[in-house]
Ligand code: FES
Ligand code: FES
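Protein chains in written order, with my numbering: chain A, 30 to 133; chain B, 30 to 133.
Below you can see the structure in the form of structure tokens.
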């Protein structure tokens, strides 16, 4: 062990500089902030309602015979999936995906 | 300005201590990390599939005549909602909620 005494001023400046830099880096590299960063933020709780008949109608009108429901909260066509989960998953190292209801 | 020179050792120790403390505080106080922090993390994309008949059957068997699909990724009964969105919303200042499919 060194017997040299640490300089309090240098130490204090170092702590300050280190703290500011690390805090900024931590916040900038934080992967995500909220499950829902942008949809209907004026509402206390975003609930979507569909009837079984509406779902059936959407399925019948769809090319693939299904309806795809967004669970990543990044779709431009919310509450339906528009594929945006792929971009979010890649950026945030996450694995979200939709719920699919198919004809049969 | 002081003409006293800073001590590099003290400065370096200070930067290190400050950085570690600030990084830890930043990460501990971060509100949320991922849309999906825990469900099926071994999978690259969590997609759930249901047929229209399955949804109809679940609705018919339910007390309230509906099926409630989780979009907060905190349900113990995923892909169905168990009300956990309320706790998550409160803790993280978010406004997630389920998609509800009802009989009529
Ligand atoms: S866009 Fe959100 S799950 Fe596909
Ligand atoms: S528990 Fe996830 S939306 Fe209700």
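The C-beta atom is built at its ideal place from N, Cα and C for all residues, glycine as well.
Taking the alpha carbon of residue i as the point to measure from, which residue in the options has its own alpha carbon closest?
i	options	result
residue 22 (chain A)	A:132, A:117, A:133, A:109	Because chain A is modelled from 30 through 133, residue 22 (chain A) falls outside the range shown and cannot be assessed.
residue 124 (chain B)	B:43, B:99, B:79	B:99
residue 127 (chain B)	B:109, B:119, B:133, B:120	B:109
residue 76 (chain B)	A:114, A:93, A:33	A:114
residue 64 (chain A)	A:104, A:93, A:96	A:104
residue 93 (chain B)	B:132, B:81, B:66, B:74	B:132
residue 69 (chain B)	B:106, B:119, B:120	B:106
Per DSSP, what kind of secondary structure is residue i in: helix, strand or coil?
i	result
residue 107 (chain A)	coil
residue 130 (chain A)	strand
residue 87 (chain B)	helix
residue 80 (chain B)	strand
residue 95 (chain A)	strand
residue 125 (chain B)	coil
residue 40 (chain B)	helix
residue 70 (chain A)	coil
residue 75 (chain A)	coil
residue 64 (chain B)	coil
residue 47 (chain B)	helix
Can you grab the Cα-Cα spacing for the pair residue i / residue j, in whole Å?
i	j	result
residue 130 (chain A)	residue 91 (chain A)	11 Å
residue 47 (chain B)	residue 122 (chain B)	29 Å
residue 71 (chain A)	residue 86 (chain A)	30 Å
residue 101 (chain A)	residue 112 (chain B)	18 Å
residue 80 (chain B)	residue 82 (chain A)	14 Å
residue 74 (chain A)	residue 67 (chain B)	22 Å
residue 39 (chain A)	residue 49 (chain B)	17 Å
residue 84 (chain A)	residue 78 (chain B)	14 Å
residue 35 (chain B)	residue 33 (chain A)	14 Å
residue 120 (chain B)	residue 37 (chain A)	39 Å
Between residue i and residue j, is the Cβ-Cβ spacing less than 8 Å?
i	j	result
residue 44 (chain B)	residue 43 (chain A)	yes
residue 88 (chain A)	residue 96 (chain A)	yes
residue 41 (chain A)	residue 52 (chain B)	no
Anything in the segment 61-94 of chain B with a Cβ closer than 8 Å to a Cβ of chain A? List those residues in chain order, please.
61, 62, 63, 64, 65, 69, 70, 72, 73, 74, 75, 76, 77, 78, 79, 80, 81, 82, 84, 85, 88
In chain order, what residues of the segment 99-123 of chain A put their CB closer than 9 Å to some CB of chain B?
99, 100, 101, 102, 103, 108, 114, 115, 117, 118, 121, 122, 123
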